[in-house]
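Only one structure is covered here, and it is reproduced in the block below.
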Amino acid sequence: MKRILIFAISLLVAASALSADKLNVVTATEDGASITREIGGDRVTVTSIGKGYQDPHFIEPKPSFLLLLRKADLLEVIGLELEIGWLPPLLDQSRNNDIRPGQKGYLDLSQGVEILDRPSGNVNRSMGDVHPLGNPHYWLDPANAVRMAIEVSAKLTELRPNDGPYFAQRLQSFKVRMNDANKRWLAIMAPYRGAKIVTYHNSLPNFVRHFGLVVVDHVEPKPGIPPSPSHTLELINEIKDQKVKVILMEPYFDRKTPDSIGERTGAKVVVMYPSVGGKAGLDDYFKLFDYNLDQLVKALK
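Structure representation (structure tokens):
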């Protein structure tokens, strides 16, 4: 009995030491968290502040977030000012200087990806909620997911050089899986290249470009501006003229106007989950795309 007790205590000590040696990573969104888990494996502990069912522009700060940030070895952000409305005050109050911008424990994932919709002129409030640095929803392009994974692998290796070969092996495995999945996704969407769609908010440019879709208009007259009756009427006529079959919208927007437009035009409203965890069961990047594309194809048929 004594030997068994000693052995059990040894296992607990070893497990505790292993846990303490893991990199503690905090991400702004579940998408960054999913990719980081793919690369970091059992050498990291990953927690996302934002949840997949939330609008990442508007996360309500909570005291528990301060504790997460205070204990973090690495903070990963989407960048392009996506988190500007809620993350800076949390970062200031966390008093963890190691994860501030410019420090070793900070990773802006937008630095290594392809960004669309960069404004060419001056940006002002009359244009709506326009991102002056470009559209921050870049993770919805599988090619950018690979680029994000490369950035994550490099940063994890920088923080834990001895685990570099482990991260590199997992990165290669992720690339292979993503390549195989992307071939399948492109094949599924091939019959619908050039299909015209309407989206609620301008958050899908990377997604629609990757799969060859054409956005003819948005339910919002301007980014972040609620649909007006006059714009809605114009959109109804445009959908009829362009023979648009699908209206894509995120789960956190009000369905009232899209549903009304759908009833008057025959276009099908499809809820597009833009982030991992947006719906139960969509707990990684691959499942997210599998589900969204399945729903989209059903509506386009």
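Here this note's numbering is used: the sequence shown runs in plain steps of one and ends on residue 779.
For glycine and all other residues, C-beta sits at the position ideal for the given N, C-alpha and C.
Quick one: measure Cβ to Cβ for residue i and residue j, integer angstroms, because I've assumed they're closer than 8 Å.
{"i": "Tyr-730", "j": "Asp-533", "result": "5 Å"}
{"i": "Ala-659", "j": "Phe-764", "result": "6 Å"}
{"i": "Thr-525", "j": "Val-630", "result": "With 8 Å as the limit, Thr-525 and Val-630 do not qualify as a contact, their Cβ atoms being about 15 Å apart."}
{"i": "Leu-558", "j": "Ser-588", "result": "5 Å"}
{"i": "Leu-585", "j": "Lys-633", "result": "5 Å"}
{"i": "Gly-702", "j": "Tyr-531", "result": "Going by Cβ atoms, the distance from Gly-702 to Tyr-531 rounds to 19 Å, so no, they are not a contact pair."}
{"i": "Val-697", "j": "Thr-743", "result": "Val-697 to Thr-743, Cβ: 12 Å. No contact."}
{"i": "Arg-521", "j": "Tyr-644", "result": "6 Å"}
Among residues of its own chain, excluding the 5 on either side of residue i, which ones have a beta-carbon nearer than 6 Å to its beta-carbon?
{"i": "Lys-549", "result": "Asn-502"}
{"i": "Asp-695", "result": "Val-676, Leu-713 and Glu-716"}
{"i": "Leu-766", "result": "Val-754 and Leu-760"}
{"i": "Tyr-769", "result": "Leu-760"}
{"i": "Gln-720", "result": "Lys-674 and Val-694"}
{"i": "His-688", "result": "Asp-619"}
{"i": "Ser-572", "result": "Leu-544, Leu-547 and Arg-548"}
{"i": "Gly-519", "result": "Arg-648"}
Going by beta-carbon coordinates alone, are residue i and residue j separated by less than 8 Å?
{"i": "Pro-567", "j": "Pro-597", "result": "no"}
{"i": "Ala-627", "j": "Ile-517", "result": "yes"}
{"i": "Pro-699", "j": "Pro-707", "result": "no"}
{"i": "Asp-595", "j": "Asn-613", "result": "yes"}
{"i": "Glu-561", "j": "Gly-510", "result": "no"}
{"i": "Leu-544", "j": "Ile-577", "result": "no"}
{"i": "Leu-552", "j": "Leu-649", "result": "no"}
{"i": "Ile-556", "j": "Thr-635", "result": "no"}
{"i": "Leu-569", "j": "Trp-663", "result": "no"}
For residue i, which residues in the same chain have their Cβ closer than 8 Å to its Cβ, ignoring the five residues on either side in sequence?
{"i": "Ser-488", "result": "For Ser-488, the predicted model reports a pLDDT of 46, less than 50, meaning its position is unreliable; a value from the coordinates is still stated below. If we look at Ser-488 and ignore the five residues flanking it on each side, it has no Cβ neighbours."}
{"i": "Asn-575", "result": "Gln-581"}
{"i": "Val-692", "result": "Gly-672, Ala-673, Lys-674, Ile-675 and Val-686"}
{"i": "Val-775", "result": "Ile-666, Met-667 and Tyr-670"}
{"i": "Leu-682", "result": "His-615, Leu-618, Val-693, Leu-726, Met-750 and Pro-752"}
{"i": "Lys-779", "result": "none"}
{"i": "Ser-497", "result": "The predicted position of Ser-497 is uncertain, since its pLDDT is 43 and thus under 50; no value can be drawn from it."}
Going along the chain, which residues of its own chain have a beta-carbon closer than 7 Å to the beta-carbon of residue i, five neighbours each way excluded?
{"i": "Val-591", "result": "Tyr-616, Asn-622, Arg-625 and Met-626"}
{"i": "Ala-777", "result": "Lys-723, Val-724, Lys-746 and Val-748"}
{"i": "His-609", "result": "Leu-558 and Glu-559"}
{"i": "Thr-710", "result": "Thr-735 and Ile-739"}
{"i": "Ala-646", "result": "Ser-631"}
{"i": "Gln-773", "result": "Val-748"}
{"i": "Asp-762", "result": "Ser-512 and Val-754"}
{"i": "Asp-499", "result": "none"}
Within the segment 541-609, note down every full alpha helix (DSSP H) run reaching 4 residues or more, in order along the chain.
The segment 541-609 contains these whole alpha helix (DSSP H) runs: 541-548 and 565-572.
Would you mind listing the beta strand (DSSP E) stretches within the segment 731-756 that are 3+ residues and don't spill past its ends, in chain order?
If one requires a minimum length of 3 residues, the beta strand (DSSP E) runs lying completely within the segment 731-756 are 746-749, in chain order.
Taking 8 Å as the threshold, find out whether the segment 649-667 comes into contact with the segment 615-623 through three or more Cβ pairs.
The segment 649-667 is in contact with the segment 615-623.
What ranges does the beta strand (DSSP E) occupy inside the segment 676-717, keeping only unbroken runs of at least 3 residues that lie completely in it?
Runs found: 692-696.
Can you list the alpha helix (DSSP H) stretches of 4 or more residues lying completely in the segment 501-534, in chain order?
Counting only runs of 4 or more residues that sit fully inside the segment 501-534, the alpha helix (DSSP H) segments are 508-518, in chain order.
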